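Colleague:
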């Protein structure tokens with residue numbers, strides 16, 4: 002079955018992080034149940050945030066690999082996610098692309 006990479010940056014307005022946090026538990030619970038999601042997680046800023054103990058780790062978006070029968074199925078999964086519906090992910094900047102890898106996921 003085809004794989005799709007999803008790059009979903011968050012909106013950057015001041016309320017964006019609060020919108021994310023308000024639906025995060027639901028998003029994570031749904032993701033845990035989603036058998037199509039092979040890899041997924043939050044993108045962090047700044048880039049050095051993992052290298053510096055105690056540094057702020059600001060969530061700025063999401064990255065996922067989905068296994069779906071079609072682009073339309075992958076798009077539907079994204080557009081029915083609470084982060085999409087709740088205006089967390091920037092709808093103009095979210096990108097869904099076919100993905101291939103030589104290593105099984």
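Numbering (the working numbering), first residue to last: 2 to 106. Glycine is no exception: its CB is placed at the ideal position from the N, C-alpha and C atoms. For clarity, every value in this text was computed on a predicted model and none was experimentally measured.
(1) Quick check on the DSSP output: the alpha helix (DSSP H) that includes residue 56 runs from which residue to which?
(2) Is residue 63 buried or exposed, if buried means 16 or more other CB atoms sit within 10 Å of its CB?
(3) Among 66, 33, 91 and 79, which one has its Cα closest to the Cα of residue 101?
(4) Please report the distance separating the alpha-carbon of residue 97 from that of residue 41.
(5) Once the 5 residues before and after residue 76 are set aside, which same chain residues still bring their CB inside 7 Å of it?
(6) Report yes if the CB atom of residue 69 is closer than 8 Å to the CB atom of residue 78, and no otherwise.
(7) Please classify residue 86 as buried or exposed, where buried requires at least 16 neighbouring CB atoms within 10 angstroms.
(8) So, is residue 84 buried or exposed, given that buried needs 16 or more other C-beta atoms within 10 angstroms?
(9) State the Cα-Cα distance for the pair residue 99 and residue 56, rounded to the nearest angstrom.
Modeller: According to the structure data:
(1) Where residue 56 is concerned, there is no enclosing alpha helix (DSSP H), given that its DSSP letter is neither H nor E.
(2) buried
(3) 66
(4) 13 Å
(5) Taken in chain order, the residues that qualify are 97.
(6) yes
(7) exposed
(8) Counting the other Cβ atoms within 10 Å of the Cβ of residue 84 gives 16 or more, which makes it buried.
(9) 34 Å
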